[in-house]
Amino acid sequence: MDMNALFDRFADRIMRERTALLAARDAASSTTGSAELMTVVMFDNEALLLPARHVLRLSAPHWTSMPVRQGLRGDIVRGMHGYLSELYTVLDPAPLLGLPGLAEPRVQILLRPDPAWKGARVALLASRVADIVAVDAAPGPGGTVRLPDGRIMRLIAPDVLLPRVFGPAVSPVSDTRDTQS
1 MDMNALFDRF ADRIMRERTA LLAARDAASS TTGSAELMTV VMFDNEALLL
51 PARHVLRLSA PHWTSMPVRQ GLRGDIVRGM HGYLSELYTV LDPAPLLGLP
101 GLAEPRVQIL LRPDPAWKGA RVALLASRVA DIVAVDAAPG PGGTVRLPDG
151 RIMRLIAPDV LLPRVFGPAV SPVSDTRDTQ S
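Letter by letter, the sequence shown follows residues 1 to 181 in the UniProt record's numbering.
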């Protein structure tokens, strides 16, 4: 059996098990229901949080090198990945997060599509996915979040990060009205 397929099956099983355990733990505790699940994503030794609602699938990193569309940074865009008849743009988000680019990514995170990304389907590369945690608080200054164990981690906000790659989701028709008073 292909090692990538084995890794995919293992990663999917681990994420399902962790999600079920976390859901059971949350159901047993008396929370207000305001907690959001976050995926702890590692970029070498730097841990960041990605809201789990954005994660569609985890897999071993796999992409096909293709010419980069004009206007996209070659150090961020690695290539394309096909999944269920859809093409995903594979990105190394580390440079956008102020981190060194990943030399050897070990996991690929397919994100759920969002209209704010101009129809782009996106996969993020990372060193590994470490855990899933429940976070009660809203992001604080600089996009940081305090975990239940007291650690403070930065948040990866795809709605903020991806427009830096693909440009803002604005209408092609500009509004010429004077908005200053």
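Beta carbons: idealized from backbone N, C-alpha and C, even for Gly.
Proximity winner among the options, relative to residue i (alpha-carbon distances)
i           : options                   : result
A94         : W117, L110, A126 and W63  : A126
M38         : P163, R164, V165 and I152 : I152
residue 184 : P113, V41 and L87         : Here the chain has residues from 1 to 181 only, and residue 184 is not among them.
L72         : G140, M3 and D92          : D92
S65         : G101, Y88, I14 and R53    : Y88
S34         : V135, G150 and R146       : V135
F43         : H62, L111, L96 and V133   : L96
Nearest-angstrom Cα separation, counted from residue j out to residue i
i    : j    : result
L161 : A116 : 11 Å
R121 : T144 : 26 Å
A103 : V40  : 20 Å
V90  : G119 : 14 Å
P163 : P148 : 30 Å
D12  : P141 : 33 Å
M15  : G150 : 23 Å
Burial state of residue i (16 or more Cβ within 10 Å)
i    : result
I109 : buried
L155 : buried
R49  : Per the sequence shown, residue 49 should be read as Leu rather than Arg. With 16 or more other Cβ atoms within 10 Å, it is buried.
T31  : Confidence at T31 is low in this model, with a pLDDT of 48, below 50, so the placement of that residue should be treated as unreliable; the coordinate-derived value is given next. Exposed.
R100 : The sequence shown places Pro at residue 100, rather than the Arg named in the question. Its Cβ having fewer than 16 others within 10 Å, P100 is exposed.
S59  : buried
F10  : exposed
A123 : buried
L6   : exposed
Beta strand (DSSP E) runs wholly inside the region 98 to 122, at least 3 long, in chain order: Considered as a whole, the region 98 to 122 harbours 107 to 111 as its complete beta strand (DSSP E) runs of no fewer than 3 residues, in chain order.
Touching or not, the region 127 to 134 and the region 100 to 109, by the rule of three or more beta carbon pairs under 8 Å? Under the Cβ criterion (8 Å, minimum of three pairs), the region 127 to 134 counts as touching the region 100 to 109.
Quiz item: Quick one: any contact between the region 10 to 24 and the region 71 to 85, if contact means 3 or more CB pairs under 8 Å?
Solution: Not touching, per the Cβ criterion.
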